[in-house]
Amino acid sequence: MSGILRLIAGGLLALICCWVGVTIKKRYKNRLRFYTSACEYGQMMASELSFKKTPIPQIAQKFTQSRNGEFERVLNECMSEAREGKGADHALEKINVAHLKREEKAELFDFLCGRGKSALGDQLATVAHYNEIFEKRRKKCEEDSKKLGNMYFKLCVLLGLAIMLILA
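Numbering (the numbering used here), first residue to last: 128 to 295.
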């Protein structure tokens with residue numbers, strides 16, 4: 128009877144370790160998805176501003192129409208903050224972005240909440256600058272997702288198997 132309980136406990140601990148590994152891997156994938164959406168929004172914003180001179184709230188609305196994700200939620204909240212006349216500092220305190228560090232959030236909110244207050248040429252230069260930053264972060268997140276996400280998942284699975292073997 129004791130052996131069966133130890134085997135069940137080992138199996139449960141192995142499942143918990145695998146779940147932790149899946150959660151870590153999912154976090155890396157979510158960061159990649161977030162920055163991929165940020166890059167796509169930046170590219171759309173640059174093209175809409177330069178060719179059609181579309182107002183920024185309309186660009187954001189058009190971008191979020193057919194999409195549903197973390198970046199799109201943050202973009203909608205930033206646009207509602209901008210409509211109320213509040214800036215990036217207020218958005219940094221109010222809007223929660225689960226997958227970003229504080230300095231990344233500050234940079235993102237500077238981009239999302241600070242548009243439309245300068246000339247078109249300055250806006251295009253700023254959008255190009257943030258597009259470069261977001262593209263670098265997207266590439267870094269893609270590398271981290273492939274390397275670290277898979278590594279942590281495999282390590283957690285191995286840890287679970289080791290615990291199961293020890294208890295069995």
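We put the beta carbon where it would ideally sit given N, CA and C, even for glycine.
Distance cut-off 8 angstroms: residue i Cβ against heavy atoms of the ligand NAP
i    : result
C205 : As far as ligands go, the structure on display features none, and thus does not contain the ligand NAP.
CA-to-CA distance, residue j to residue i, given in whole angstroms
i    : j    : result
F236 : I143 : 36 angstroms
I222 : S174 : 27 angstroms
N277 : G148 : 9 angstroms
R194 : K180 : 22 angstroms
T191 : H226 : 19 angstroms
L140 : M291 : 7 angstroms
S129 : E234 : 56 angstroms
A209 : D249 : 19 angstroms
L202 : A289 : 44 angstroms
A187 : K266 : 23 angstroms
R200 : Q185 : 15 angstroms
C145 : A218 : 36 angstroms
S177 : I260 : 20 angstroms
L275 : K189 : 34 angstroms
Given residue i as reference, the closest of the options once Cα atoms are compared
i    : options                   : result
V284 : A165, M128 and G138       : G138
E269 : Y162, T150 and G130       : Y162
I183 : Y279, M206 and E262       : M206
C240 : W146, F190 and E211       : E211
L282 : F178, I131, K152 and L247 : K152
E262 : R158, T150 and L132       : R158
C-beta atoms of residue i and residue j nearer than 9 angstroms
i    : j    : result
V224 : K213 : no
Y155 : S245 : no
R264 : A165 : yes
L134 : L294 : yes
R160 : E197 : yes
Touching by the beta-carbon criterion (3+ pairs, under 8 angstroms), the segment 248-263 and the segment 159-170: Yes, they touch.
Complete alpha helix (DSSP H) runs within the segment 208-259 (minimum length 4 residues, chain order): Counting whole runs of 4 or more residues, the segment 208-259 contains the alpha helix (DSSP H) stretches 215-221 and 229-240.
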